[in-house]
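Engineer:
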Amino acid sequence: MSKNTPQAIRGTQDIFGPDAEAFAFVVETFERVRRLYRFRRVEMPVFEKTEVFARSIGETTDIVSKEMYSFEDRGGESLTLRPEFTAGIARAYLTNGWQQHAPVKLATHGPLFRYERPQKGRYRQFHQIDAEIIGAAEPQADVELLAMADQVIRELGITGVTLHLNTLGDADSREAWRAALVEHFRAVKGELSEESQERLEKNPLRILDSKDRRDRQFVADAPVIDQFLSDEARSFFDAVTSGLDAAGVKWKRAESLVRGLDYYRHTAFEFIPDEGSEAAGKLGSQSTILGGGRYDGLMESLGGAPTPAVGWAAGIERLAMLVGASDTVLSDRLTYVVTTEHEGLEPIAWRLASLLRQAGSATDVILTGSVKKRFKKANSLEADAILVVRPDSDKQSADALIDFKVSDEEQRVDLEMEFEDIASRFSEVEFAEEYHGFDAKLTFLQ
RNA sequence: GCGAUCGUAGCUCAGUUGGUUAGAGCGCCGGUUUGUGGUACCGGAGGUCGGGGGUUCGAGACCCCUCGAUCGCCCCA
């Protein structure tokens, strides 16, 4: 690499090869499942006015206070590259009058931006799949949303991952719980980790999932949300859990699971790899692959009418890391390779490749470089069959000799039938079996 | 923002306590052999050793700065 070549921006990635295939597999699977659940596709801008995120996510959160890619445009307005989907979707819902469609199920995916130190499973430009149900207050919406998440993960073939579920109660429950936690931890402030002492002021709920040993003992006997749950909040959570059971979604109660963003109420959840599982190993210290919850208060923070909503987002890169191994799903079959060892016959080879592709067969072409090495190169592509175009001494035209690269006779017959069918669709070629040791021959008609 | 490890050909890496023209494998390009073929052999191209500064007679190796990568903390997907 020349020193004149600009480098990619830190924390961005150029994805290629198996990683790119895994990435595409995640997106394709999500798109398929989202249709099964009748979620409607939406596209949103990648940037918004800064206030869209600042007002909805919470000024004190790390995302807003130090991780946003914000800049002034030429008109002097502060804009921000989206750090998440939900705020932008909420804004779109309000500004486009999507209330008329409520309740709506929406799905999207694309890049997000957060100015963080990159590490395994974490990038400055990363990608998520996202699903939201807006305008539905009933717990069945939470259940449907989670059932969809569960199915996406299952259809990706990911195992060793469990849904961790909690409730944060309604606004009053959450406030009362928060106050009790602050009181509880303030009493032992001096013995908490430095980080948790800070969290006490900024975001006391987060002390609950601190990894620090010093905090653990106090977390163990900290007040639990259940003590502060209103009857309504409790029955809402009960309805969610029994709905999940009915839908066959496995879950696990996680009393100390809190989500970082201010707008969450009631249901909060994360899909997390089981400790010691293969999935956990692949993800490094980034444990959450999918997270979300109910955000009934969000619309109001953007000046809209109170609107109930639930949603989740999952990191495509993190999901892709977990499906990476099962490459059987990922590798596209290369059916044919076309080549010729005779200068001048390249146009016919190109024509043949064109026919095969029009017939819907994946076809590669080797027509450059040393004539003598083309067959070798074609061989190394591991296609099902190699077609070598060579002159026909009798008719002064050309033939394509076909070498089926298959392991058994049954496969060979299948491929031959498939090829014969393709050939029959085009009037300019004629298929014939067995020719001088090759599996078949294709004659170009004049 | 903090910490640790690392940065030599397109890729994976070797380069001994600092010592002459910086190496290997794979890949790429070409040739020979084989001769309808997934072989073997030969040759070639490609590196101002991430960048800058310093120590030294001499630095890919040592020191400082910087950029980047990886992993962890924080936080999150």
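Residue numbers are given in numbering that gives the first Met the number 0: position 120 of the first sequence equals residue 119, and the series is strictly consecutive. By construction, the Cβ of each residue, glycine as well, lies at the ideal position given by its N, Cα and C atoms.
1) Apart from the five residues on each side of it in sequence, which residues of its chain come closer than 6 Å, Cβ to Cβ, to L354?
2) Could you work out which residue in F268, E154, S55 is closest to L318 when comparing CA atoms only?
3) Could you check how far apart the C-beta atoms of F227 and A175 are, in whole angstroms? I think they sit under 8 Å.
4) Give every residue of the same chain whose Cβ lies closer than 7 Å to the Cβ of V239, excluding the five residues on either side of it in the sequence, and list them in chain order.
5) Can you give the Cα-Cα distance for L386 and E342, rounded to whole angstroms?
6) When the Cα of P203 is compared with those of A179, I133, F70, F15, which residue comes out closest?
7) Let me know the alpha helix (DSSP H) ranges lying completely inside the segment 291-322, each 4 residues or longer, listed in chain order.
8) Per DSSP, which one or two residues make a beta bridge with N165?
9) What residues are listed by DSSP as bridge partners for A399?
10) With H, G and I counted as helix, E and B as strand and the rest as coil, what does DSSP make of I365?
11) Suppose you measure from the CA of V151 to the CA of F430; what does that come to, to the nearest Å?
12) Report, in whole angstroms, the separation of the C-beta atoms of R54 and S234, which I expect to be a contact under 8 Å.
13) Once DSSP output is grouped into helix, strand and coil, what is the label at G109?
14) Are V51 and T107 close, meaning C-beta to C-beta below 8 Å?
15) With a threshold of 16 other CB atoms inside 10 Å of the CB of P82, please say whether the residue is buried or exposed.
16) Counting Cβ pairs closer than 8 Å, one from the segment 115-124 and one from the segment 276-285, do we hit at least three?
17) Return the first residue and the last residue of the alpha helix (DSSP H) that F125 is part of.
18) Between which two residues does the beta strand (DSSP E) harbouring S172 extend?
19) Which ranges would you report for the beta strand (DSSP E) in the segment 218-256 if only whole runs of at least 3 residues count?
20) Taking the alpha helix (DSSP H) that Y68 falls in, what are its first and last residues?
21) Compute the Euclidean distance between the alpha carbons of L486 and V181, then round it to the nearest angstrom.
22) To the nearest angstrom, how far is the alpha carbon of V26 from that of G16?
23) With DSSP collapsed to three states, give me the class of T339.
24) To the nearest angstrom, how far is it from the Cα of R448 to the Cα of L199?
25) In chain order, what residues of the same chain lie with their CB nearer than 8 Å to the CB of S325, ignoring the 5 residues before and after it?
26) Determine contact between the segment 97-107 and the segment 59-74, defined as no fewer than three beta-carbon pairs at a distance below 8 Å.
27) So, with DSSP's three-state summary, where would you put Q118?
28) When you compare only the Cα positions, how much space is there between F270 and R252?
Structural biologist: Quick answer:
1) Sequence index remark: in the first sequence, residue 354 carries index 355 (1-based). Excluding positions up to five away in sequence, the list reads F425.
2) Walking along the first sequence from the start, residue 318 turns up at place 319. Of the candidates F268, E154, S55, E154 places its Cα closest to the Cα of L318.
3) To locate residue 227, count along the first sequence from 1; it is residue 228. To locate residue 175, count along the first sequence from 1; it is residue 176. Yes, F227 and A175 are in contact; Cβ-Cβ is about 4 Å, under 8 Å.
4) Walking along the first sequence from the start, residue 239 turns up at place 240. Residues P138, D141, V142, T266 of the same chain have their beta carbon placed closer than 7 Å to that of V239, with the five preceding and five following residues left out of the count.
5) By one-based count along the first sequence, residue 386 stands at place 387. By one-based count along the first sequence, residue 342 stands at place 343. For L386 and E342, the distance between alpha carbons rounds to 16 Å.
6) Residue 203 sits at position 204 when you count from the first residue of the first sequence. Nearest neighbour of P203 by Cα position, chosen from A179, I133, F70, F15, turns out to be A179.
7) Runs of alpha helix (DSSP H) with 4 or more residues, each lying fully within the segment 291-322, are found at 297-300, 315-322, listed in chain order.
8) If you number the first sequence from 1, residue 165 lands on position 166. In the DSSP secondary-structure assignment, N165 is bridged to A267.
9) As a position in the first sequence, residue 399 is number 400, starting the count at 1. DSSP, once it has assigned bridges, lists V388, L441 as partnering A399.
10) Taking the first sequence and counting its residues from 1, the one referred to as residue 365 is at position 366. I365 carries a strand assignment under DSSP once its states are collapsed to helix, strand and coil.
11) For the purposes of this step, residue 151 is taken as the residue at position 152 of the first sequence. For the purposes of this step, residue 430 is taken as the residue at position 431 of the first sequence. Whole-angstrom Cα-Cα distance: 44 Å.
12) Along the first sequence, read from residue 1 onward, the residue named residue 54 stands at position 55. Along the first sequence, read from residue 1 onward, the residue named residue 234 stands at position 235. Contact flag wrong, Cβ pair sits at about 31 Å.
13) Counting from 1 along the first sequence, the entry for residue 109 is found at position 110. The answer is strand: DSSP assigns G109 an E or B state.
14) Counting from one through the first sequence, the residue named residue 51 turns up at place 52. Counting from one through the first sequence, the residue named residue 107 turns up at place 108. No, the Cβ-Cβ distance between V51 and T107 is not below 8 Å.
15) Numbered from 1 along the first sequence, position 83 holds the residue referred to as residue 82. Result: buried.
16) Using a C-beta cut-off of 8 Å, the segment 115-124 makes contact with the segment 276-285, since at least three inter-stretch Cβ pairs fall below that distance.
17) Within the first sequence, the letter at position 126 stands for residue 125. For F125, there is no enclosing alpha helix (DSSP H); the residue is part of the beta strand (DSSP E) that begins and ends at 124-133.
18) Here residue 172 refers to the residue found at position 173 when the first sequence is read from its first residue. Counting along the chain, S172 falls outside any beta strand (DSSP E), though it belongs to the alpha helix (DSSP H) covering 170-185.
19) As summarised for the segment 218-256, the continuous beta strand (DSSP E) elements at least 3 residues long and confined to that stretch are 250-252, given in chain order.
20) One-based indexing of the first sequence puts residue 68 at position 69. Taken as a continuous stretch (DSSP letters only), Y68 belongs to no alpha helix (DSSP H), being part of the beta strand (DSSP E) at 68-71.
21) Residue 486 lies beyond the residue range present for the chain, which begins at 0 and ends at 445; the question has no answer from this structure.
22) Taking the first sequence and counting its residues from 1, one reaches residue 26 at position 27. Taking the first sequence and counting its residues from 1, one reaches residue 16 at position 17. Between V26 and G16, the C-alpha separation is close to 16 Å.
23) Within the first sequence, residue 339 is the residue found at index 340, counting from 1. In the structure shown, T339 falls within a strand segment according to DSSP collapsed to helix, strand and coil.
24) Lying outside 0 to 445, the shown extent of the chain, residue 448 is not represented and no answer is given.
25) Locating residue 325 in the first sequence gives position 326, counting from the first residue. With a pLDDT of 49 at S325, under the threshold of 50, the predicted position of this residue should be treated as unreliable, though the coordinate-derived value follows. Close CB contacts of S325 within its chain, under the 8 Å cut and outside five residues either way in sequence, are with G156 (chain order).
26) A contact is defined here as three or more CB-CB pairs under 8 Å, and the segment 97-107 fails this definition with respect to the segment 59-74.
27) Looking up residue 118 in the first sequence gives position 119. The DSSP-derived three-state label of Q118 is strand.
28) For the purposes of this step, residue 270 is identified with residue 271 of the first sequence, where counting begins at 1. For the purposes of this step, residue 252 is identified with residue 253 of the first sequence, where counting begins at 1. F270 and R252: Cα-Cα distance of roughly 12 Å.
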